[in-house]
Amino acid sequence: MREISILSDSPRPEKRWSIWSRIVLLLGFWLFIGFAVGTVFLLFPVRWWATLCRDNAWTPATERSGVVLIILLLVLVSFAIANGAMTAFVRSHRVITRLLLVVVTLGAAGTAYWKWINPSTMKGSMAAEQKAGAHFTFGPFPDAGRLASLKGEGYTGVISLLHPAVVPFEPQLIAQEKREAVAAGIELIHLPMLPWVSDNTESMDKLRAIAKAKKGRYYIHCYLGADRVNVARRIIEQETGGLAVIEGAGASTRRSLDEQKKLERGPIFKLEEGLYLIPYPTDEEFLGFVLAGQVKNVVALLDPRDESQKRRIDHERALLAQYSLPFHLVEIGEERYGGRRIVEALQKAKRLEKPTVIHAFFTPGKFKSPIAEAVLIAHRTGLPPLPPSMWKATFAGGKPQLLAPHVAIGPRPTESEFYESIHARGIRTALFVGDASAMPSSDATAASQAGVELRAIAADPAVVLDTLQEGGPYYLYGPGSAAVKEPVRARYAEMMTPIEPVGGKPAETP
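If you read the sequence shown in the numbering used here, its first letter stands for residue 367, the second for the next number, and so on.
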């Protein structure tokens, strides 16, 4: 019988780790290591880059591009470290080695967490103080020492915009600030505000009351970012008639539409100085670019007959009213399109105080957006436009074409097409090109019933071009339309070129 010694010196069998076990370990290490490395990147490379950009007056777009590259580097570095830690963990046969890897990882993450809940250690990465008039100063989260110095400098109180729903850091900071404000003997006014669009009516009303009183000296702060502070600053400016305008050489922290290429629902188009065409903003974009920015008026091109658009209209109207930002609705949509209404809306927007934004739901690019297309065309040409994306359907007699911003040409419409394809696309005048005696009487009847004026016009390019100089939009058809097609196309060729968004590629036009 074979004897087996329990004190055998043979090596312990290696534990086999499944692929799923390795993935779970990798993700665990990456989570904690990424948090720690991300904090280091924020305190050093990001801070260094932001300081360099502002010292050299580089554009916000340049600053953002550099930050994106640093974030990509962060992802690669943290993944490499996490992968190395995971590999060492599974290959090691010593418990002490594995325990050490876990302790070091958790210790690094814990240290990073400690820095986040102690903002005094992060001051270099936050916004510097900015004085607004004689009564309000905006700055980073104040620690106990800063609260004491504010008291000594004669500040009446500290206005905190931190919100308990912004976890995990802000609830702890709210409690900490309350204790330290009591110890410093300075009043703490808590006006909670979420860093995205929300119902902040109560907090904003209290801030308005403080601003209107024009008494005392206040220090205002949130935590990270600047959108909430910029919204508060906007309200103070409104209530004090410009008292809170920031003076000095410091760069504004407000986000600029000039430096932003696109929003979530499409690109941004700068029509002229202070006038922008944008898509309907998301809640975050509303806060960052509209409410916290310098926008003075919002013009919405939406259709309240559409239930989903009506909900957005109601939401936007209530939101902008909360921040005393003028809202102008132009009721228009694909189902009730009118080129002349677009021209009128644009003329109205130009008369408003700038900066002004005009928005449909989408802007041309990734998504179909006839209304936004129409705004671009009307702004460039001054003509009542026919959006190209609305003219891709084929009529019974063939496919129509756009010859000019306000002129379409195509086959003879059927009785139903005078309304469904001509009137519905915003055309109120159809021109029968040829001898009036050749125009079918049924066309006049169908056009009249559809609300479209039908006129006969000579098949003379000069006569047609002279007619097209004013009014419109027009639909051309009839036996003489082929003779005027190319002269009309040539006259308006330059107006049919693509229009470029801010810093992007031209919008597609067929």
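We put the CB at the ideal spot given by N, CA and C, even for glycine.
According to DSSP, residues forming a beta bridge with residue 841: In the DSSP assignment, residue 841 forms a beta bridge with 774 and 796.
C-beta contact flag for residue 343 and residue 504 at 8 Å: Because the chain is modelled from 367 through 876, residue 343 falls outside the range shown and cannot be assessed.
Boundaries of the alpha helix (DSSP H) in which residue 665 is found, first to last residue: Counting along the chain, no alpha helix (DSSP H) covers residue 665; the unbroken beta strand (DSSP E) around it starts and ends at 663-668.
Sequence-distant residues of its chain with Cβ nearer than 6 Å to residue 633 (five each side left out): If we look at residue 633 and ignore the five residues flanking it on each side, its Cβ neighbours are 729, 731, 867 and 870.
Sequence-distant residues of its chain with Cβ nearer than 6 Å to residue 667 (five each side left out): Closer than 6 Å at the Cβ level, and outside the excluded window around residue 667, lie 696, 698, 726 and 737.
Segment contact, 8 Å Cβ cut-off, at least three pairs: the segment 568-582 with the segment 595-604: Touching, yes, given that three or more Cβ pairs across the two stretches are closer than 8 Å.
Residue 672 versus residue 788 - alpha carbon distance: Their backbone Cα atoms lie some 21 Å apart in a straight line.
Proximity to residue 864 [Cα-Cα], best of 781, 742 and 800: Shortest Cα-Cα distance from residue 864 to any of 781, 742 and 800 involves 742.
Proximal residues to residue 584 (C-beta, below 8 Å), its chain only, five neighbours per side dropped: Non-local beta-carbon contacts of residue 584 in its own chain, meaning distances under 8 Å to residues more than five positions away in sequence, involve 501, 502, 503, 521, 522, 523, 524, 525, 555 and 576 in chain order.
The segment 399-419 contacting the segment 444-452, beta-carbon criterion three pairs below 8 Å: A contact exists between the segment 399-419 and the segment 444-452.
Check whether residue 838 and residue 750 have beta carbons under 8 Å apart: Yes; because the gap between Cβ atoms is below 8 Å, this pair is in contact.
6 Å CB neighbourhood of residue 456 in its chain, flanking five on each side removed: Taken in chain order, the residues that qualify are 383.
Extent of the continuous beta strand (DSSP E) to which residue 847 belongs: Not the beta strand (DSSP E): residue 847 falls in the alpha helix (DSSP H), residues 847-857.
Residue of 558, 851 and 707 minimising C-alpha distance to residue 571: Ranking 558, 851 and 707 by CA distance to the CA of residue 571 puts 558 first.
Euclidean distance between Cα positions of residue 493 and residue 654: Unreliable placement is indicated for residue 493, whose pLDDT of 49 sits below 50; the coordinate value is still reported in the next sentence. Straight-line spacing of the CA atoms in residue 493 and residue 654 works out to 16 Å.
C-alpha distance - residue 438 paired with residue 396, whole-angstrom precision: Their backbone Cα atoms lie some 15 Å apart in a straight line.
Between the CA atoms of residue 393 and residue 451 - distance to the nearest angstrom: Taking the Cα positions, residue 451 is about 11 Å away from residue 393.
CB contact flag (residue 722, residue 623, <8 Å): No; because the gap between Cβ atoms is not below 8 Å, this pair is not in contact.
Option nearest residue 573 by Cα separation, candidates 409, 689, 845 and 391: Cα-wise, what sits closest to residue 573 is 689.
C-alpha distance - residue 814 paired with residue 807, whole-angstrom precision: If you take the alpha carbons of residue 814 and residue 807, they lie about 11 Å apart.
Spatially closest choice to residue 512 from 549, 683 and 706, by CA coordinates: Among 549, 683 and 706, the Cα nearest to that of residue 512 belongs to 549.
Per-residue burial, residue 534 [other beta carbons within 10 Å of its own, 16 or more giving buried]: Exposed, by the Cβ-count rule.
Limits of the beta strand (DSSP E) - the one that residue 515 falls within: Element bounds for residue 515: not the beta strand (DSSP E) but the alpha helix (DSSP H), 510-518.
Residue 386 classed as buried or exposed, judged by whether at least 16 other C-beta atoms fall within 10 angstroms: That one is exposed.
Secondary structure of residue 507, DSSP reduced to three states: In the structure shown, residue 507 sits in coil (DSSP, three-state: anything other than H, G, I, E or B).
Three CB pairs or more closer than 8 Å across the segment 787-803 and the segment 836-852: As far as the Cβ criterion goes, the segment 787-803 touches the segment 836-852, which means the pair count is three or higher.
Classification of residue 760 by the beta-carbon crowding that lies within 10 angstroms, buried from 16 upward: Residue 760 is exposed by the Cβ-count criterion.
Residue 598: first and last residue of the uninterrupted alpha helix (DSSP H) it sits in: It spans 593-606 - the alpha helix (DSSP H) in which residue 598 sits, taken as one unbroken run.
Beta-carbon proximity list for residue 768, same chain, < 7 Å, skipping 5 on both sides: Only 752, 754, 757 and 774 meet the Cβ criterion.
Candidates 453, 516 and 432: closest to residue 389 by CA position: The shortest C-alpha separation from residue 389 is found at 453.
Residue 719, enclosing beta strand (DSSP E) - first and last residue: That residue, residue 719, is in no beta strand (DSSP E); it is neither H nor E in DSSP.
Start and end residues, alpha helix (DSSP H) containing residue 745: 736-747 is the extent of the alpha helix (DSSP H) around residue 745.
Selected residue, minimal CA-CA separation from residue 861, among 720, 770 and 766: Here the closest residue by C-alpha is 770.
Contacting residues, own chain, Cβ-Cβ under 6 Å from residue 858 (five flanking each side not counted): Excluding positions up to five away in sequence, the list reads 770.
Beta-carbon proximity check, residue 527 vs residue 587, cutoff 8 Å: Their beta carbons are under 8 Å apart, which means residue 527 touches residue 587 by this criterion.
Those residues which DSSP pairs with residue 822 across a bridge: Assignment of beta-bridge partners to residue 822 by DSSP yields 798.
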